[in-house]
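According to the numbering used here, the sequence shown holds residues 4 to 261 in order.
A short worksheet on the structure shown next.
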Amino acid sequence: MTEPTPHAQASHRIRFDWGPQGAQQVPADIAVVVDVLSFTTALTIAVERGIEVFPHPVYDTSAKELAFRHGAALAVRRFEALSLRDARHISLSPVSLMKATGVDRLVLPSPNGSRISADYAESGAAVIGACLRNAGAAASHIAERLGPRGTVVVIAAGEQWPDGSLRPAAEDLWGAGAVLTGLATALGDDLLSPEAHIAANAFTAVRPRLAEQMNACASGRELAERGFAQDVEIAAEYAVSPAVPHLVGASFIDAAAR
C-alpha cells in the first residue's frame, strides 16, 4: 500500500480540503461534499421533498440519456429555467426545487459537486451532501454512525474560473465549517486537522452575520445580479433542514428518512 502524503491529513480523523483536486488527495471513510451555491443546497431541498437525485457532472446528451434510463426529470440550466418560468422545469436554483411538483426522480448536473461525489463513491467512501441548511443534521448523522477509528473528510467544492481551474468560494468554506463545527462538538475538537480547524473557525466568525455575508460574497453577488437573489437567501439559512442526502448506488436519497 502506498504511504499517504502529508496532504492526506492521515494523522487526523476529521479532515478538510478543496475541490476535485483536494478530494483526490484526502481519503476517508465518509466524504461530505459541500457546494452551497448551489448543488448541495438544491440536493438537500430535493431529498427532503422525497425526490431521488442522480448527480451528473455535465449538462449534455449523456445527462439526457441518464434521465431517460432512470425515468427521471432532467434539471435544465439555471437561466433556461428562469426564462421558462414553469414549476415543471427544475434547475440548480433552490427556488425551482421548492416549487417543483410531480417529480420523484431528478438528474441534477453540477461540475464540481457531482464529480467529487462520484470520485469518493468509487473509492468506497460513504458520500453525504451537506450545506448550511442541513449542516447540523449532517454532522449529527455522521457522529452517530462513525466508528471508533472512522475518518471523515469535508470537501468544499468551490467554483471554476473560465479556464477550468478551482476558484475557492467563501460560501463553501462556511458550509464546510458549519459541518466541521458540529462534528467537533459531537466527537471532540482534537480530532480535527489544522485545515479543518481553519474552516470551522471561518464559520464561527461569520455566523452572527451569515445572511449578510452570503449576500456580500462574490458568488452571492453574482447570483443576485443575475436574478437569483432568493436562491442566496435560501442557501444562507442555517440548520433548518433535517435531510441528509446519502449517495446510494447512482443516486442520493435522504438517509434521515430511512
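All C-beta atoms in this analysis are idealised placements derived from N, C-alpha and C, irrespective of residue type, glycine included.
Predicted, not measured: the structure shown is a model, and the values here were computed from it.
Could you name the residues of the same chain whose beta carbon sits closer than 8 Å to that of residue i, not counting the 5 residues immediately before and after it, in chain order?
i, result
"residue 3", "Given a span of 4 to 261 for the chain in the structure shown, any question on residue 3 remains unanswerable."
"residue 74", "108"
For residue i, which residues from the same chain have a beta carbon less than 6 Å from its beta carbon, with the 5 sequence-adjacent residues on both sides left out?
i, result
"residue 122", "26"
"residue 209", "177, 216"
Please name the residue in the options whose C-alpha comes closest to that of residue i.
i, options, result
"residue 20", "14, 36, 32, 7", "36"
"residue 3", "146, 69, 41", "No answer is possible for residue 3: the residues shown for the chain start at 4 and end at 261."
"residue 9", "61, 198, 96, 206", "198"
"residue 244", "218, 43, 15", "43"
"residue 95", "249, 226, 253, 258", "226"
"residue 72", "110, 24, 248, 133", "110"
"residue 126", "38, 235, 34", "34"
"residue 3", "205, 38, 57, 17", "One cannot answer for residue 3 here, as it falls past the ends of the chain, which runs 4 to 261."
"residue 39", "130, 253, 116, 260", "116"
Who are the near neighbours of residue i in its chain, counting only those whose CB is closer than 7 Å to its CB and skipping five residues on each side?
i, result
"residue 142", "182, 185, 186, 189"
"residue 48", "97, 100, 101"
"residue 11", "28, 29, 30"
"residue 13", "7"
I'd like to know if residue i contacts chain C, where contact means its C-beta is closer than 7 Å to some C-beta of that chain.
i, result
"residue 221", "Among the protein chains of the structure shown there is no chain C, as only one such chain exists."
Which class does residue i belong to by DSSP, given the choice of helix, strand or coil?
i, result
"residue 252", "coil"
"residue 80", "coil"
"residue 241", "coil"
"residue 158", "strand"
"residue 22", "helix"
"residue 61", "coil"
"residue 247", "coil"
"residue 227", "helix"
"residue 54", "coil"
"residue 258", "helix"
Next item on the list: Counting only runs of 4+ residues fully inside the segment 98–128, write out the alpha helix (DSSP H) ranges in chain order.
Entry: 114–126
Notebook entry, point to check: Do the segment 143–162 and the segment 94–108 touch if we need at least three Cβ pairs shorter than 8 Å?
Noted result: no
Check: Counting only runs that start and end within the segment 160–215, where is the beta strand (DSSP E) found for 3 or more residues in a row?
Finding: none
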